[in-house]
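The structure appears below as structure tokens.
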Amino acid sequence: MFEGISGAILLAILDYLYIFVVLGGLAILMVIVGKIVKKYETKKTNKETKVITPVFNTVEIKEEEKNDDHLIAIITAAISSCLEKPKSRFKVVNIKKYRTSSMTPWSAMGRQELMSGRK
């Protein structure tokens, strides 16, 4: 049936069409499964609306660690502009001073590269 050069060309065209039909079917299947999973996740997240607030221990703050109202306002404004949300959408619970580590960024990257190389 597929003899000669014309048969080979016809067979190649049929094979390519078969491959594209199968790949198209797989793409459609992936879209359908994605929509089903998305609907399932939205149903699942709607059921989990209960939020439990964490319990904070009251710890006496040292005099030097007390936060100034002006500093809290500046930090809140910075967070608000970074998140692009109004400040009524979040609450600043705790502010701690940043303590630099004794490790330099160069040594941290070197250690990380060594650890990622040991597979």
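Residue numbering for the sequence shown follows this note's numbering, starting at 75 and increasing by one per position. All C-beta atoms, glycine included, are put in the ideal place defined by N, C-alpha and C.
Determine the DSSP secondary structure at residue i, reduced to helix, strand or coil.
{"i": "F76", "result": "coil"}
{"i": "K113", "result": "helix"}
{"i": "M104", "result": "helix"}
{"i": "E187", "result": "helix"}
{"i": "V95", "result": "helix"}
{"i": "R163", "result": "helix"}
{"i": "S176", "result": "coil"}
{"i": "I169", "result": "coil"}
{"i": "D89", "result": "helix"}
{"i": "D143", "result": "helix"}
Just to check my reading of the structure: residue i and residue j have Cβ atoms closer than 8 Å, yes? What is that Cβ distance to the nearest angstrom?
{"i": "I146", "j": "I169", "result": "6 Å"}
{"i": "L84", "j": "F76", "result": "6 Å"}
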